[in-house]
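Written as structure tokens, this is what we have:
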């Protein structure tokens, strides 16, 4: 239950699932030296990018099971990533306070962002060259990836004081609409206006840390997963919880959604 079954992932394995058929298991994760903490699939070319507790970033060929390259991405664990397989680049975040942009063709790190604290999540857009980074101290940082400039530090404040000094575990953003939603350890989600850097509203209803979120800002709706074992469907415009989904026996760590309904 700790990993979504549709990914075909097990604690020490990466499986390729075609329809209902699971191809022969290749023990890829064991070659990291430690358990993996992030994975991205490149479905069209049978490639995978994975990040581990040991700080390594690996690119895999799923057809052969070969590791194509290994990069020392971070000093500590790779906590999150965003990949662009068209231009063969990936943005990684780690608990070493760093965000790095990698060119997969060369294996070189071309950009380095120095964040204020440990990075737990990120959302990025390589067209606008912007990234929104969630930190373990309760703030978000909006970065320009082209200039490596910190554009804004987003915090929930009251009378100038940081209100929620808690971990931000997940974030989803639409850089065209300049809007975002983040989930944190205080059980709430926060909707943000990235133009002003201010929170628009808080979404309350979970009974545990919000660990994952998917959003559609055109429809102003989002799905969140929590340590309370439930998912919640939200109306971002009103902040109202539209529906609660129950059935998991443990914390919900990841979610993907087609919110337009086709």
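In the UniProt record's numbering, the protein residues as written are 1 to 262. Note that the Cβ used here is the ideal one computed from N, Cα and C, for glycine as well.
- Excluding the 5 residues flanking it on each side, residue 143 has same chain C-beta neighbours closer than 8 Å at 99, 113, 130, 131, 132, 133, 149, 150 and 151, in chain order.
- About 6 Å separates the Cβ atoms of residue 250 and residue 229, confirming a contact at the 8 Å cut-off.
- Residue 185 is a Cβ neighbour of residue 166, given a cutoff of 8 Å.
- Here residue 105 is exposed. Its C-beta has fewer than 16 other C-beta atoms within 10 Å.
- Contact between residue 220 and residue 237 holds, with the beta-carbon distance rounding to 5 Å and staying under 8 Å.
- Residue 181 is positioned such that its CB atom lies no closer than 8 Å to that of residue 212.
- Residue pairing of residue 232 in beta bridges, as defined by DSSP: 224 and 244.
- Taking the Cα of residue 210 as reference, the smallest distance to any Cα among 197, 241, 222 and 169 is reached at 169.
- Under the DSSP assignment, residue 119 falls in the beta strand (DSSP E) whose first and last residues are 119 to 125.
- Here residue 172 really is in contact with residue 214; their C-beta atoms are around 6 Å apart, less than 8 Å.
- Residue state for residue 55 is assigned as coil, using DSSP reduced to three classes.
- Per DSSP, the continuous beta strand (DSSP E) segment holding residue 71 begins and ends at 66 to 72.
- Nearest to residue 241 by C-alpha distance, out of 53, 120, 223 and 255, is 223.
- Between residue 110 and residue 101, the beta carbon gap of about 5 Å places them in contact (Cβ cut-off 8 Å).
- Rounded to the nearest whole angstrom, the CA to CA distance from residue 59 to residue 70 is 7 Å.
- The DSSP-derived three-state label of residue 81 is strand.
- Contact annotation, residue 91 with residue 82: C-beta distance approximately 5 Å; criterion of less than 8 Å satisfied.
- Scanning its chain for C-beta atoms nearer than 6 Å, with the 5 sequence neighbours on each side dropped, one finds around residue 244 the residues 230 and 232, in chain order.
- With respect to residue 96, residue 120 sits apart: the two C-beta atoms are not nearer than 8 Å.
- In this structure, the beta-carbon distance from residue 234 to residue 194 does not fall below 8 Å.
- In this structure, DSSP gives residue 251 a state outside helix and strand, which the three-state scheme calls coil.
- Here DSSP, grouped into helix, strand and coil, assigns residue 167 to coil.
- Taking the CA atoms as reference points, residue 77 sits about 5 Å from residue 54.
- For residue 257, the secondary structure class from DSSP, reduced to helix, strand or coil, is coil.
- Sequence-distant partners of residue 72 (beyond 5 residues in either direction) whose C-beta falls short of 7 Å from its own C-beta, in its chain, are 55 and 56.
- Within the DSSP bridge table, the entry for residue 214 names 223 as partners.
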